[in-house]
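Down below is the structure, laid out as structure tokens.
There are 2 protein chains.
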Amino acid sequence: MLGAIEAGGTKFVCAVGDSNGKIVERVQIPTAVPEETIPKVLEFFQSYSLDAVGIGSFGPIDVNPESPTYGYITSTPKEGWMNYPFVQSIKEALSVPIGFNTDVNAAALGEATYGAAKDLDSCLYITVGTGIGAGAIVQGKLLQGWSHPEMGHILVRRHPGDQYEGKCGYHQDCLEGLASGPAIEARWGDKGVNLVDREEVWELEGYYLAQALMQYILILSPKKIILGGGVMKQKQVFTNIRKYLVELLNDYVTLPDLHSYIVSPGLGDDAGITGALMLAREAAEK
Amino acid sequence: MLGAIEAGGTKFVCAVGDSNGKIVERVQIPTAVPEETIPKVLEFFQSYSLDAVGIGSFGPIDVNPESPTYGYITSTPKEGWMNYPFVQSIKEALSVPIGFNTDVNAAALGEATYGAAKDLDSCLYITVGTGIGAGAIVQGKLLQGWSHPEMGHILVRRHPGDQYEGKCGYHQDCLEGLASGPAIEARWGDKGVNLVDREEVWELEGYYLAQALMQYILILSPKKIILGGGVMKQKQVFTNIRKYLVELLNDYVTLPDLHSYIVSPGLGDDAGITGALMLAREAAEK
Numbered sequence: 007m008l009g010a011i012e013a014g015g016t017k018f019v020c021a022v023g024d025s026n027g028k029i030v031e032r033v034q035i036p037t038a039v040p041e042e043t044i045p046k047v048l049e050f051f052q053s054y055s056l057d058a059v060g061i062g063s064f065g066p067i068d069v070n071p072e073s074p075t076y077g078y079i080t081s082t083p084k085e086g087w088m089n090y091p092f093v094q095s096i097k098e099a100l101s102v103p104i105g106f107n108t109d110v111n112a113a114a115l116g117e118a119t120y121g122a123a124k125d126l127d128s129c130l131y132i133t134v135g136t137g138i139g140a141g142a143i144v145q146g147k148l149l150q151g152w153s154h155p156e157m158g159h160i161l162v163r164r165h166p167g168d169q170y171e172g173k174c175g176y177h178q179d180c181l182e183g184l185a186s187g188p189a190i191e192a193r194w195g196d197k198g199v200n201l202v203d204r205e206e207v208w209e210l211e212g213y214y215l216a217q218a219l220m221q222y223i224l225i226l227s228p229k230k231i232i233l234g235g236g237v238m239k240q241k242q243v244f245t246n247i248r249k250y251l252v253e254l255l256n257d258y259v260t261l262p263d264l265h266s267y268i269v270s271p272g273l274g275d276d277a278g279i280t281g282a283l284m285l286a287r288e289a290a291e292k
Numbered sequence: 007m008l009g010a011i012e013a014g015g016t017k018f019v020c021a022v023g024d025s026n027g028k029i030v031e032r033v034q035i036p037t038a039v040p041e042e043t044i045p046k047v048l049e050f051f052q053s054y055s056l057d058a059v060g061i062g063s064f065g066p067i068d069v070n071p072e073s074p075t076y077g078y079i080t081s082t083p084k085e086g087w088m089n090y091p092f093v094q095s096i097k098e099a100l101s102v103p104i105g106f107n108t109d110v111n112a113a114a115l116g117e118a119t120y121g122a123a124k125d126l127d128s129c130l131y132i133t134v135g136t137g138i139g140a141g142a143i144v145q146g147k148l149l150q151g152w153s154h155p156e157m158g159h160i161l162v163r164r165h166p167g168d169q170y171e172g173k174c175g176y177h178q179d180c181l182e183g184l185a186s187g188p189a190i191e192a193r194w195g196d197k198g199v200n201l202v203d204r205e206e207v208w209e210l211e212g213y214y215l216a217q218a219l220m221q222y223i224l225i226l227s228p229k230k231i232i233l234g235g236g237v238m239k240q241k242q243v244f245t246n247i248r249k250y251l252v253e254l255l256n257d258y259v260t261l262p263d264l265h266s267y268i269v270s271p272g273l274g275d276d277a278g279i280t281g282a283l284m285l286a287r288e289a290a291e292k
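Top to bottom, those sequences are chains U and S. Under this note's numbering, the first residue of the first sequence carries the number 7, and numbering increases by one thereafter. Under this note's numbering, the first residue of the second sequence carries the number 7, and numbering increases by one thereafter.
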């Protein structure tokens, strides 16, 4: 049996499942400080005999196995989690191999294994919610270089009519600063779920996300782009992204039909936790 | 013996060399229409017994082996070269295996094998000259997905003081439209080589290229960034790129020391032709 943790900024999803991605039990735990959250995580896993645990975590995290802080959450503003030795604390308690990557890399892996990109060796998974992040599969493997990508913080061009100053604590009006769920709420004075009929909200959202997709496409050339997260439940955003992307790219690159190219997660909200199971499978096989 | 072609928009460099990247003879041929240029290329190779030829070509090109137009230069505005079956015409004449990729991918491969990134499994090579393009090595392999990257055409934010409208025929003021050699000449009324002492020219160049590097870093997280091409002979641009990049990233991601991270090609102007030799080596080994 394998254990999986999808560690998000608002909640932890923990699951046990098998190496085929089948989840047999799961639980949700609110993300408080580590001293509160982690004991509940360990309690959930306690009754299972696990071969490995996979963690898909919010970040930034240290994924370099040669680094002295490998397995740490690093520069998060989230109280109690900065410099938290995530892998070490789970490993110490459960004594099993641990797979560790970003939440969005886990989701990309889940989608590439069992979801919308399951027959492809290349895809991009983007979440648009409390934050914006993305993970990529390149030639069959999770993209990693010096560190993991931080694609949510790329620069976009401001819409001339957009007066909102941006919400990112590091870059103010980067993509995440202008297009995350909290940015939508701050700009329009209400949560996105209460703005469903306000066309201009989702026009602007499509305007910014299309710019991001243009950059991702020109730099990574993914074979499929999967957009998940709370904001993407507003399906009109997909329509607006495709519209602006066609304008921006102006036929410079040839792409597949955009309706099959830019899609929702095949695994729905289970992309991340399924991917965390795959990280556990990889760790067990090592 | 291996053959190599670095096919650029203004000249072709052809070379013969060995599988260790050693070049034994080379020639330069101006890029005219294919009916003029290709016979001269073939004439150069004629006296050698070659095992394979590697081509690093200007583009966009079709690098998908399953495509009916694999080996073609596709949508170039360059007279005579649109939809030109480059691989086919060389293969027909020389009857050897052909390796085929973009000029910048070839240069990235050259730098990763024998140049500034020779001990790394990850790097980004960017050329800033007549056009702007980049190739990436990810986990030891040339990055390829649906197609090859087209990183020169990403969006940047215009400098508020920059009135120049941009030179890209597809996107007007994308990175290439604002920061290529021809854009510099059009904006300032003279070629870059004649503007060496005009600080504002290279400030603005650094301003745009730093934005591009920010996007590349956040999306690809390369282990080394190598900048070549005619414009990058102005060494003050490196200083300006580093300065603006530090401001833009604002310590969100941890990077190596920028002086060793953002560098000139280790192979100088031979990155592309050396990489084309490596493409030939790969083709011979297949």
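Glycine residues also receive a C-beta, built at the ideal position from the N, C-alpha and C atoms.
When 9 Å is used as the limit between beta carbons, R163 of chain U is near these residues of chain S: L161, V162, R163, R164, in chain order. A straight-line Cα-Cα distance of about 33 Å links V134 of chain U and D168 of chain S.
Residues of the region 214–246 of chain S that bring their beta carbon within less than 9 Å of a beta carbon in chain U comprise Q217, M220, Q221, Y222, I223, L224, I225, L226, S227, P228, K229, K230, in sequence order. Residues of the region 166–198 of chain S that bring their beta carbon within less than 8 Å of a beta carbon in chain U comprise Y176, H177, in sequence order. Rounded to the nearest angstrom, the Cβ distance from I35 of chain S to V47 of chain S is 6 Å, consistent with a contact under 8 Å. The three-state secondary structure of K249 of chain S, taken from DSSP, is helix. Identification of chain S residues near V110 of chain U by a Cβ-Cβ cut-off of 8 Å yields none; the smallest Cβ-Cβ distance measures about 12 Å. DSSP, read as helix, strand or coil, puts Q240 of chain S in coil. Here the region 199–214 of chain S makes contact with the region 177–185 of chain S; the two share three or more CB pairs at distances below 8 Å. At least one CB atom of chain S sits nearer than 8 Å to the CB of N256 of chain U. Rounded to whole angstroms, the gap between the alpha carbons of M7 of chain U and S25 of chain U is 8 Å. Judged by their CB atoms, G77 of chain U and V93 of chain U are nearer to each other than the 8 Å cut-off.
If you ignore the 5 residues before and after A21 of chain U, its C-beta comes within less than 6 Å of the C-beta of A10, I29, R32, I279, all in its own chain and listed in chain order. Residue U:V259 holds the alpha-carbon nearest to the alpha-carbon of G151 of chain S among U:P74, U:V259, U:F18. D109 of chain S counts as buried, since no fewer than 16 other beta carbons sit within 10 angstroms of its beta carbon. Inclusion of P271 of chain U and I232 of chain U in the CB contact set at 8 Å is warranted, their separation being smaller than that value.
Here P66 of chain S is buried: its Cβ has 16 or more other Cβ atoms, across all protein chains shown, within 10 Å. In the structure shown, G198 of chain S falls within a helical segment according to DSSP collapsed to helix, strand and coil.
S63 of chain S is bridged by DSSP to S:A13, S:T108. Setting aside the 5 residues that flank it on each side, Q145 of chain U is surrounded in the same chain by D127, S128, each with a C-beta closer than 8 Å to its C-beta; the list follows chain order. Residues of chain U with a Cβ closer than 9 Å to the Cβ of H154 of chain S are, in chain order, S227. In this structure, DSSP gives A99 of chain S a helical state, which the three-state scheme calls helix.
In the structure shown, T119 of chain S falls within a helical segment according to DSSP collapsed to helix, strand and coil. With respect to the C-alpha of H154 of chain S, the residue from S:N107, S:A192, S:I132 having the closest C-alpha is S:N107. The three-state reading of DSSP puts Y131 of chain U in strand, counting E and B together. Between the region 213–232 of chain S and the region 245–256 of chain S there are three or more C-beta pairs closer than 8 Å, enough to call the two in contact. Out of S:Q52, S:T80, S:V237, S:Y176, the CA that lies nearest to the CA of I132 of chain S is found in S:V237.
In terms of Cα proximity to K147 of chain U, the closest of U:K124, U:T16, U:E42, U:M88 is U:K124.
Here the alpha carbons of A99 of chain S and I160 of chain U stand approximately 46 Å from one another.
The beta-carbon distance between M157 of chain S and L224 of chain U, rounded to whole angstroms, is 6 Å. This is short enough to meet the 8 Å contact definition. Taking CB atoms only, P103 of chain S has no neighbour in chain U less than 8 Å away.
A distance of 8 Å or more separates the beta carbons of A277 of chain S and G137 of chain S. Per DSSP, the continuous beta strand (DSSP E) segment holding G234 of chain U begins and ends at 231–234.
At a C-beta separation below 8 Å, V259 of chain U has these neighbours in chain S: P66, S153, E156. Listed in chain order, the positions of the region 126–140 of chain U with a beta carbon within less than 7 Å of a beta carbon of chain S are S128.
Burial is judged here by how many other beta carbons sit within 10 angstroms of a residue's own beta carbon; H265 of chain S has fewer than 16 and is exposed.
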